[in-house]
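Chains as they are written, first to last, in my numbering: chain A, 1 to 366; chain B, 367 to 674.
Read through the structure below, which is laid out as structure tokens, and then see the notes.
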Amino acid sequence: MYSCESATLLNLIRSLNDIHYVVSLKSVELDGWLQLAKQSGLLATLGYRLQDAGLLSTLPEKARRTILGTMHFSGYLSQMAQWEINRLQRTLKDVSDIVLLKGAAYITQQIPGLRGRYLSDVDILVPEEQLNYVEQCLLKAGWESHKPPSGYDDYYYRQWMHEIPPLRHRFRSVDVDLHHRILPRTSRLNPDPDLLLATAQSCTISGVKVLSAEDQFLHSCVHLFYDSELKNRLRDLVDLDVLYRYFTEKYAGFDQKLLARANELGVQRPFYYSLIHTRSILKTPIPDDLLQSIQQFKPNVLVNCLMNKWLPLALLPVDSGPRLHKMNRLLAIWGLYIRSHWLRMPPFLLTKHLFIKAWMRLGGKV
Amino acid sequence: MRFSDLSSSTIYHYLKTQGVVYQCGPFNIQLKANIPFLAEQLHVLFAHYPFIEHDVLIDFRVNLARPYSHRYWWRPQVLFKTAEGDPGMAPFPLDHALPMLEWGTNWCVASQSHYYLMLHSAAVEYQGKGVLLPAWPGSGKSTLCAAFAMRGWRMLSDEFGLIDLETGLIQPIPKLIPLKNQSIDVIRNFAPDAVIGPLFTKTRKGDVAHFRPPLTSVAQSEVQAKPRLVIFPKYQSETRFKLTEVTKAQALLRLANNAFNYQIVGKKGFHAVKSLIDESNCYELYFNDLDTVVEKLQQLIESLPPEE
Chain A
1 MYSCESATLL
11 NLIRSLNDIH
21 YVVSLKSVEL
31 DGWLQLAKQS
41 GLLATLGYRL
51 QDAGLLSTLP
61 EKARRTILGT
71 MHFSGYLSQM
81 AQWEINRLQR
91 TLKDVSDIVL
101 LKGAAYITQQ
111 IPGLRGRYLS
121 DVDILVPEEQ
131 LNYVEQCLLK
141 AGWESHKPPS
151 GYDDYYYRQW
161 MHEIPPLRHR
171 FRSVDVDLHH
181 RILPRTSRLN
191 PDPDLLLATA
201 QSCTISGVKV
211 LSAEDQFLHS
221 CVHLFYDSEL
231 KNRLRDLVDL
241 DVLYRYFTEK
251 YAGFDQKLLA
261 RANELGVQRP
271 FYYSLIHTRS
281 ILKTPIPDDL
291 LQSIQQFKPN
301 VLVNCLMNKW
311 LPLALLPVDS
321 GPRLHKMNRL
331 LAIWGLYIRS
341 HWLRMPPFLL
351 TKHLFIKAWM
361 RLGGKV
Chain B
367 MRFSDLSSST
377 IYHYLKTQGV
387 VYQCGPFNIQ
397 LKANIPFLAE
407 QLHVLFAHYP
417 FIEHDVLIDF
427 RVNLARPYSH
437 RYWWRPQVLF
447 KTAEGDPGMA
457 PFPLDHALPM
467 LEWGTNWCVA
477 SQSHYYLMLH
487 SAAVEYQGKG
497 VLLPAWPGSG
507 KSTLCAAFAM
517 RGWRMLSDEF
527 GLIDLETGLI
537 QPIPKLIPLK
547 NQSIDVIRNF
557 APDAVIGPLF
567 TKTRKGDVAH
577 FRPPLTSVAQ
587 SEVQAKPRLV
597 IFPKYQSETR
607 FKLTEVTKAQ
617 ALLRLANNAF
627 NYQIVGKKGF
637 HAVKSLIDES
647 NCYELYFNDL
657 DTVVEKLQQL
667 IESLPPEE
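As structure tokens, this is what we get:
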């Protein structure tokens, strides 16, 4: 289904599958590989995989140094995020359990293949009825909002989004995104946050929870295939690949639970795209019977055909190919950008929102 | 091959096609730019840098691009673009392409070289003994660095004191030294044979002209230097020369505070600073006369015991 024209991209994808492959790359190939891995935000992750396999020191000195540099940086980001989680847990100890989402949750669970994943914010989920109270507690403890409280952006977040405007502690550099659901209120899909909260599981830190294994995977599906513009998001596909491999090994019957949960939360379509594309691009070991069962979630022929064509083009990192390829890629990126907004809110609301933003920009208020 | 072996027109040809690849210290930089006068400036100022033709690993891919808008013709501008990320630099007037290149590559180094502890410091070497000159902008470290280079010291860096986290040694990165405002004439008078590029007026740091590091410094840029002295310099118009010792504890804190990426490299950074301070004598320097500084510091370094 997916044919890869670029040798560099193929090298990157192969190395994601088998880290030993990096050692066989010659000077020019290695240079291209480093550049593409860096651009996709995957170099530090691959660095840890190389280190774990004892291969880092076999690379040319220059490559080793570049990789170590990105590993140092990702180590710093991870440490900052862990400190932020610690501060949140302490501040909200008597208020509410915090449910960590995405990157913050992966760090806390120390999922091996995702070590080195960049993250710049900590996402947490709280029950909507506690939202105001939690926000007040954080504001009292020194967190601040970037958006002026009576401005349009603040209104926009609170009225339509799945999170309130990002908060950041005045002495620190990590944003905290406080969620009350995982997709905007206006979005066509809307998985019930109470279902997610009800099955959240405790982790190594007291007072801190993560979503159940199925929900973590499905949230990642929704995040990539429903709530993003899909441009240059290979890293998110890698998340899905690693999570799938990790959870299937850890929990027996993961596939069946996943299928049931996707139905329960009503996120069948993004779930379908995730399995199809991780398997075709990253060779994620998704069994045939699971693939068979998700055929019912397939979109109509036209959409399916378009998505199959566009997705890899936009999702995979920028790479200079022949002119026609570049044109196609621009078209795909543009198409998926429109799609992401279409899914996010109804057309009337979107028009109104874009109009207000444009007006503000003209007035120099952005 | 070095840039001095090529003609301006050859350099320009590379700049506008596949780009020139040059080596500055530990970094290989690929530069593309369709700007003819930049080729002439590079021919002079980059003269000693290795011009690389074979396949190497590239650290930074820089493109000095011209905007496809009315600003291509009308009061033309230039943009700094790199494959490694967006430094968020506002466009410069086209004739300021060189200062933009230098500041832009500083951003590349500062944001992506966490294999090193990066001190905001000049670094030089005399008789095989490395000297770090950490200071905030405006203290005169660039001027000092150029002055030492013109008196036969090895110039290691004017801005980035790169400390190799594995060896604990200073990694040279002999970038062009941007002399600012009065410093330009100070160095011209101090060393009339110094090679200094064209004057760029009204940049964000005032008037700037670039000093070319000597060939001997560039040729040895693969050789790391052992730090022996840490000197916190400060230009002070009323003080000819004053050197006072700083306690090691204080020097450690000052050095840690002065690093670009101390928090990022974490524990390794602490150990690097600690062993650096352990092995160095630390001083504070007030000065207003370059000849005196050079003379006195040469005496100081000659008096240091040799490495055991």
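Yeah, the Cβ is synthetic: ideal placement off N, Cα and C, and Gly gets one too.
Just so you know, these numbers come straight off a predicted model, no measurement behind them.
Excluding the 5 residues preceding and the 5 following residue i in the sequence, name in chain order all residues of the same chain whose CB lies nearer than 6 angstroms to its CB.
i: K102 (chain A); result: D123
i: L42 (chain A); result: R235
i: C4 (chain A); result: Because C4 (chain A) sits at a pLDDT of 47, beneath the cut-off of 50, its placement in the model cannot be relied upon, and the point is left open.
i: S549 (chain B); result: T509
i: D177 (chain A); result: D121, D123, E163, P166
i: N429 (chain B); result: K398, K447
i: Y156 (chain A); result: none
i: P558 (chain B); result: none
i: D657 (chain B); result: none
Could you give the first and the last residue of the continuous beta strand (DSSP E) run that contains residue i?
i: M484 (chain B); result: 482 to 492
i: V208 (chain A); result: 208 to 210
i: C390 (chain B); result: 386 to 390
i: R90 (chain A); result: Unbroken run through R90 (chain A) is the alpha helix (DSSP H), 61 to 91; no beta strand (DSSP E).
i: E645 (chain B); result: Element bounds for E645 (chain B): n/a, residue is neither H nor E.
i: R427 (chain B); result: 426 to 431
i: N394 (chain B); result: 393 to 399
i: M521 (chain B); result: 520 to 523
i: Y601 (chain B); result: 593 to 601
Verify whether the separation of the beta carbon atoms of residue i and residue j is less than 8 angstroms.
i: I529 (chain B); j: I536 (chain B); result: yes
i: S293 (chain A); j: L258 (chain A); result: no
i: K209 (chain A); j: A200 (chain A); result: yes
i: I401 (chain B); j: A449 (chain B); result: no
i: R684 (chain B); j: P442 (chain B); result: This structure cannot speak to residue 684 (chain B), because chain B is shown only from 367 to 674.
i: P191 (chain A); j: V267 (chain A); result: yes
i: L331 (chain A); j: L230 (chain A); result: no
i: A501 (chain B); j: F626 (chain B); result: no
i: T248 (chain A); j: L349 (chain A); result: no
i: V552 (chain B); j: V410 (chain B); result: no
i: S96 (chain A); j: Q130 (chain A); result: yes
i: S274 (chain A); j: L311 (chain A); result: no
i: V574 (chain B); j: P459 (chain B); result: no
i: A591 (chain B); j: E491 (chain B); result: yes
i: I418 (chain B); j: Q384 (chain B); result: no
i: T45 (chain A); j: L114 (chain A); result: yes
Short of 8 angstroms in beta carbon distance, which residues of its chain neighbour residue i, apart from the five on each side in sequence? Order them along the chain.
i: V23 (chain A); result: L55, T58, L59
i: P579 (chain B); result: H414, A515, M521, P540, K541, L542, I543
i: D700 (chain B); result: Past the boundaries of the shown model lies residue 700 (chain B); chain B is included only from 367 to 674, so the question cannot be answered.
i: K298 (chain A); result: Y272, N304
i: S641 (chain B); result: G534
i: V589 (chain B); result: P538
i: F355 (chain A); result: none
Could you name the residues that DSSP lists as bridge partners for residue i?
i: L16 (chain A); result: Note: L16 (chain A) sits in no beta bridge, so no partner.
i: I145 (chain A); result: Rather than Ile, the amino acid found at residue 145 (chain A) in this sequence is Ser. S145 (chain A) is bridged to A:L167.
i: V176 (chain A); result: A:V122, A:L167
Under DSSP, the alpha helix (DSSP H) around residue i begins and ends at which residues?
i: R261 (chain A); result: 254 to 265
i: S6 (chain A); result: First-last for S6 (chain A): undefined, no H or E at that position.
i: T248 (chain A); result: 234 to 250
i: I205 (chain A); result: I205 (chain A) -> no alpha helix (DSSP H), and no H or E assigned at all.
i: Q216 (chain A); result: 213 to 225
i: P270 (chain A); result: 268 to 282
i: K102 (chain A); result: 102 to 109
i: G534 (chain B); result: Where G534 (chain B) is concerned, there is no enclosing alpha helix (DSSP H), given that its DSSP letter is neither H nor E.
In chain order, what residues of the same chain have a beta carbon less than 7 angstroms from the beta carbon of residue i, not counting five sequence neighbours either side?
i: Y652 (chain B); result: K600, Q602, T605, K608
i: T91 (chain A); result: C137, L138, A141
i: L618 (chain B); result: V639, K640, I643
i: F367 (chain A); result: An answer regarding residue 367 (chain A) cannot be provided, because it is not within the stretch 1 to 366 covered by chain A.
i: M1 (chain A); result: Residue placement at M1 (chain A) is flagged as unreliable, the pLDDT there being 36, under the threshold of 50; a coordinate-derived value is accordingly withheld.
i: L16 (chain A); result: V238, L282
i: W519 (chain B); result: V490, E491, Y492
Using a C-beta to C-beta distance shorter than 9 angstroms, which residues of chain D count as neighbours of residue i?
i: S27 (chain A); result: This model lacks chain D altogether, as its protein chains are A and B.
- prompt: Given a limit of 8 angstroms on CB to CB distance, which residues of the region 29 to 58 of chain A reach chain B?
  reply: So the list reads L30, D31, L34, Q35, K38, Q39, given in the order they occur along the chain.
- prompt: For the region 616 to 645 of chain B, which residues have a CB atom closer than 7 angstroms to at least one CB atom of chain A, in sequence order?
  reply: Here the close residues are Q629, I630, V631, G632.
task: Compile a chain-ordered list of the residues in the region 65 to 99 of chain A whose CB is closer than 8 angstroms to at least one CB of chain B.
output: So the list reads R65, T66, L68, G69, T70, H72, F73, G75, Y76, Q79, given in the order they occur along the chain.
query: the region 469 to 494 of chain B: which residues have C-beta closer than 7 angstroms to a C-beta of chain A, in chain order?
result: Cβ contacts with chain A come from Q478, S479, H480, Y481.
- request: Check distances from the C-beta atoms of the region 447 to 472 of chain B to those of chain A and list, in chain order, the residues that come in under 7 angstroms.
  value: For the region 447 to 472 of chain B, the set of positions with a beta-carbon nearer than 7 angstroms to some beta-carbon of chain A reads A449, E450 in chain order.
Residues, ordered as in the chain, of the region 423 to 436 of chain B that lie near chain A by beta-carbon distance below 8 angstroms: Identification of residues in the region 423 to 436 of chain B having a C-beta nearer than 8 angstroms to some C-beta of chain A yields L423, I424, D425, R427, given in sequence order.
query: Can you list, in chain order, the residues of the region 305 to 318 of chain A whose Cβ is nearer than 7 angstroms to any Cβ on chain B?
result: Flagged: no residues at all.
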